[in-house]
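**Student:** With full-length UniProt numbering applied, the sequence shown corresponds to residues 1 to 320, in that order. All C-beta atoms, glycine included, are put in the ideal place defined by N, C-alpha and C.
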Amino acid sequence: MTLATLPAPRTPAAPRASALALGFAACAAVALAAALRAPLATTVLGLIAFGVLHNVLELRYVAGRFAHILTGRLLWTALALVTAIVFCRLLALRGPEIVLCYGVLAAGVWHAVPRRRLLPAGLGLAGAAAVSLTWPAYHFVVLAHLHNVVPLFFLWEWSRRLAGRDRTLFRAAQLGWVLVVPALLLAGVFDPLLADGSAAVVEFAGTPQAIAAPVSPPGVTAGLRFLAVFAFLQAMHYVVWLGFLPRHAPEAAAAFEQRVPWLAGWRPWALGVAAALVLGALFGIDYGQGRTMYQALASYHAYLEFPVLLALLFVTPRAA
């Protein structure tokens with residue numbers, strides 16, 4: 001069944017776009033400074049402090065705002081596939097995880113893409129899956145960075161409530177931190193300011209090279225640049241899910257609470273904090289095992305975005 005339209009958000013008047021753009025610019029400046037001077041600490045400590053909570057709040061937003069997409073057969077199919085991915089991550093089965101990843105994408109394509117486009121979409125998925133299975137290391141590097149870029153699509157959709165120049169200004173600010181800053185980092189513009197980071201974090205979590213390995217293409221000598229890009233985008237990722245959307249998209253939380261009333265109000269925050277404390281203890285005992293457990297549980301929020309993103313790309317929104 002093809003989805004027809006995305007409903008327009010019903011919310012109070014949005015704040016001034018200039019204030020929002022300045023806020024994002026300020027957060028980006030702080031995140032960039034941290035990513036340049038301490039990319040390892042920013043990545044490791046950010047994950048420990050905010051990783052679990054942002055999982056919970058992101059799932060709340062996606063399940064609330066896009067409840068009309070994540071429902072019925074699509075929801076249960078995606079949940080089954082992602083649960084299998086969780087076990088693949090725990091058992092380090094990279095090939096099967098890639099196959100299941102494309103299974104989630106295929107389910108999203110089936111529900112979101114118009115029937116006349118299913119054949120080319122299916123062929124495109126098959127080709128991409130073949131590339132991923134041939135070069136699995138590149139697949140996971142792309143997946144890691146893509147996840148940190150995903151907020152752009154949700155912020156773009158959120159900005160539909162803004163009008164004219166406000167929408168343009170807001171979207172330009174998002175393109176700045178999502179695309180321009182990482183491009184400058186990878187080009188080496190900030191190399192004179194780039195540092196390895198804290199020796200204490202190295203002793204705790206591993207060397208910058210080891211931490212950068214999952215987010216850097218194999219054989220690349222500029223691994224520290226990729227780590228800085230990841231640290232910067234991860235920090236901004238947390239700004240979006242822990243700060244901006246909970247404050248400026250309350251209708252998504254309200255929709256989620258109607259759907260899951262036992263997780264209303266303060267409970268998602270409490271759940272996220274409690275889970276973070278438990279996982280933080282595991283990180284403290286063995287960082288490698290803690291990261292493996294986190295990545296497995298994070299599969300739900302990372303992969304359930306895919307059907308929603310496909311809907312945003314292929315479904316025509318109704319006017320606000």
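What do you get for Ile285, buried or exposed, if any count of 16 or more other CB atoms within 10 angstroms of its CB means buried?
**Tutor:** Ile285 should be labelled exposed.
**Student:** Suppose the cutoff is 6 Å on Cβ atoms and the five residues either side in sequence are ignored; what does the same chain contact list for Phe24 look like?
**Tutor:** Excluding residues within five positions, the ones whose Cβ falls inside 6 Å are Ala173.
**Student:** By the three-class DSSP mapping on this structure, what secondary structure does His68 have?
**Tutor:** DSSP places His68 in coil when its eight states are reduced to three.
**Student:** Run the CB neighbour count on Arg65, radius 10 Å, all protein chains shown included, and call it buried at 16 or more, exposed below.
**Tutor:** Flag for Arg65 reads buried.
**Student:** Is Val52 closer than 8 Å to Leu279 when the C-beta atoms are compared?
**Tutor:** Yes, these two residues count as a Cβ contact at 8 Å.
**Student:** Please report the Cβ distance between Leu224 and Ala212, rounded to the nearest whole angstrom; I am assuming they are in contact, meaning their Cβ atoms lie under 8 Å.
**Tutor:** Yes, Leu224 and Ala212 are in contact; Cβ-Cβ is about 7 Å, under 8 Å.
**Student:** Count the other CB atoms, across all protein chains shown, that sit within 10 Å of the CB of Leu277; report buried if there are 16 or more and exposed otherwise.
**Tutor:** Exposed, because fewer than 16 other Cβ atoms sit within 10 Å of the Cβ of Leu277.
**Student:** Measure the CB-CB distance between Glu309 and Val82 and report whether it falls below 8 Å.
**Tutor:** The identity of residue 309 in the sequence shown is Leu, whereas the question assumes Glu. No, Cβ-Cβ distance for Leu309 and Val82 is not below 8 Å.
**Student:** Does DSSP put Asp166 in a helix, in a strand, or in coil?
**Tutor:** Asp166 falls in the helix class under three-state DSSP.
**Student:** Three or more C-beta pairs closer than 8 Å, one from the segment 98–106 and one from the segment 260–273: is that the case here?
**Tutor:** No: the two stretches stay apart, fewer than three of their Cβ pairs being nearer than 8 Å.
**Student:** Specify, as a first and last residue, the run of the alpha helix (DSSP H) that Pro268 falls within.
**Tutor:** That run of the alpha helix (DSSP H) goes 267–285.
**Student:** What does the Cβ neighbour count give for Gly46, buried or exposed, with the cut at 16 atoms within 10 Å?
**Tutor:** Flag for Gly46 reads buried.
**Student:** Is Ala35 near Ala235, with beta carbons less than 8 Å apart?
**Tutor:** It is a contact, given that the beta carbons lie within the stated cut-off.
**Student:** Where does Arg89 sit, in a helix, a strand or coil, going by DSSP?
**Tutor:** Three-state DSSP puts Arg89 in a helix.
**Student:** Measure from the alpha carbon of Ala38 to the alpha carbon of each residue in Val150, Ala195, Asn148, then state which is nearest.
**Tutor:** For Ala38, the nearest C-alpha among the options comes from Ala195.
**Student:** Can you list, in chain order, the residues of its chain with a C-beta nearer than 6 Å to that of Leu31? Leave out the 5 residues immediately preceding and following it.
**Tutor:** Correcting the residue identity first, residue 31 is Ala in this sequence and not Leu. Closer than 6 Å at the Cβ level, and outside the excluded window around Ala31, lie Phe232, Ala235, Met236.
**Student:** Whole angstroms is fine: what's the gap from Pro218's alpha carbon to Tyr138's?
**Tutor:** Those two C-alpha atoms are separated by around 7 Å.
**Student:** In the DSSP assignment, find the unbroken alpha helix (DSSP H) run with Arg259 in it and report its ends.
**Tutor:** That run of the alpha helix (DSSP H) goes 250–259.
**Student:** Just verifying my parser: in three-state terms, what is the DSSP assignment at Phe190?
**Tutor:** Here Phe190 sits in coil by DSSP.
**Student:** Hey, would you say the C-beta of Ala126 is under 7 Å away from at least one heavy atom of the ligand COA?
**Tutor:** Inclusion of the ligand COA in the displayed structure is not the case, the ligand content being empty and no account of it being possible.
**Student:** Considering Val104, what are the terminal residues of the alpha helix (DSSP H) in which it resides?
**Tutor:** Looking at the DSSP string, the run of the alpha helix (DSSP H) that includes Val104 is 94–112.
**Student:** Among Thr42, Val189, Val229, Ala49, which one has its Cα closest to the Cα of Val149?
**Tutor:** Nearest C-alpha to Val149: Val229.
**Student:** Please classify Trp156: does DSSP put it in a helix, a strand, or coil?
**Tutor:** Three-state DSSP puts Trp156 in a helix.
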